[in-house]
Amino acid sequence: MAPSSKADKKAAVDAASWMFNVVTSVGIIIVNKALMATYGFSFATTLTGLHFATTTLMTVILRWLGYIQPSQLPLPELLKFVLFANFSIVGMNVSLMWNSVGFYQIAKLSMIPVSCLLEVILDKIRYSRDTKLSITVVLMGVAVCTVTDVSVNTRGFVAAFVAVWSTALQQYYVHYLQRKYALGSFNLLGHTAPAQAASLLLLGPFLDFWMTNKRVDNFDYNVVTVSFIILSCTIAIGTNLSQFICIGRFTAVSFQVLGHMKTILVLILGFFFFGKEGLNIQVVLGMIIAVMGMIWYGKASSRPGGKERRSHTIPITRPQKLGGLSEPGEINGKA
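Under UniProt numbering, the first residue of the sequence shown is numbered 1, with each subsequent residue one higher.
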């Protein structure tokens, strides 16, 4: 295949992967907002556990059908990933509970510089001046859109700190494990989803009771709420898978930068589905700044020297056989 054809194919797959992630992520936010705000199902951690349980079922079925080939992931690596991922989920929920919306958004924005720092230290990545400036513009735009009142307390700061660092480490680790062990998205999800489902379903009811003072088993379940839960779990399969695909293809920093496009879309969809509150000149201006920054980042990071690894490689442990839905091509050609 000619180099131009390979580049075109990669660009098409990258775009499709990203759109898959955007559609599923925005969809699950809208469904969960309706489930929690309209129908009162406020058990976020338990719901996340159900998401991973459904994802586990999907990977089991695909493995049984022969679409996912056997692969290996050492237990210590799996436990580290699950630790980071669960601290991320719990930390974000607790941070939202203990902090103002403004400080919660600032904490989420700080994930980009933290992810950059991890790549600089662990992967020896070097960013050009234009790449750094474009990231700054994205952060400024999203901050204008989302940050309103900002108040912080000690326990809220600790929760936000844990949430930010655990999320950045979890996303970095997805990329790291895929490269080191030559794992495709389905394979890695097949290893991690069961462990996350088990731990979150055990921890979730207790944490949700602590946060809401309500018991998940006492909730008034009906056909509508159960239907929304099933819909949320179904969309979550795509959300979990697309996150692994995108981080595998791009890197955690690019995933975070482009991820703010979802914030913009959620604001727009919230305007259409839940009313005009919150959409004003400030929000529109922030959207424009953020989108300009994302376009600049795409151009700056793709230029020679925009974002490059300085003679540093991760030893790759390759399985004897890769097949089915392993997507070995995801391990190469990061944005």
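Ideal Cβ placement from N, Cα and C applies to all residues, glycine included.
**Report entry** Secondary structure of Tyr173, DSSP reduced to three states
**Finding:** Helix, per DSSP.
**Report entry** Coarse secondary structure for Arg155, derived from DSSP in three states
**Finding:** Under the three-state reduction of DSSP, Arg155 is assigned to helix.
Query raised in the report: Which value, in whole angstroms, describes the spacing of the CA atoms of Ser88 and Tyr297?
Result: Answer to the nearest angstrom: the Cα atoms are 26 Å apart.
Query raised in the report: Quick one, which of Val284, Leu207, Ala12, Trp165 has its alpha-carbon nearest Leu117's?
Result: The residue with the shortest Cα to Cα distance from Leu117 is Trp165.
**Report entry** Integer Cβ distance of Pro205 from Thr56, believed to fall under 8 Å
**Finding:** Contact between Pro205 and Thr56 is absent: CB atoms are separated by about 18 Å, not below the 8 Å threshold.
Query - Proximity of Thr46 and Asp208 at Cβ, strictly below 8 Å - result: Yes, these two residues count as a Cβ contact at 8 Å.
**Report entry** Inter-residue spacing [alpha-carbon to alpha-carbon] between Ala11 and Lys214
**Finding:** Linking Ala11 to Lys214 through their CA atoms gives a straight-line distance of about 47 Å.
Query raised in the report: Do His191 and Leu73 have their C-beta atoms closer together than 8 Å?
Result: Yes, Cβ-Cβ distance for His191 and Leu73 is below 8 Å.
**Report entry** Within the region 89–127, ranges of the alpha helix (DSSP H) (whole runs, at least 4 residues)
**Finding:** Entirely contained in the region 89–127, the alpha helix (DSSP H) runs reaching 4 residues are, in chain order, 101–109, 111–122.
Requested in this report: Give the single residue among Asn86, Val101, Gly248 whose Cα lies nearest to the Cα of Asn153.
Outcome: Checking every option, the nearest Cα to that of Asn153 belongs to Val101.
Query - Contacting residues, own chain, Cβ-Cβ under 7 Å from Phe84 (five flanking each side not counted) - result: Same-chain partners within the cutoff: Ser166, Leu169, Gln170, Tyr173.
Report task. Look at the alpha carbon of Ile125 and the alpha carbon of Leu65, and state the distance between them as a whole number of angstroms. Result -> Looking at the two C-alpha atoms, the distance is approximately 40 Å.
Report task. Determine the burial state of Leu187: buried for a count of at least 16 other Cβ atoms within 10 Å of its Cβ, exposed for fewer. Result -> Here residue 187 turns out to be Asn, not Leu, going by the sequence shown. With 16 or more neighbouring CB atoms inside 10 Å of its own CB, Asn187 falls in the buried class.
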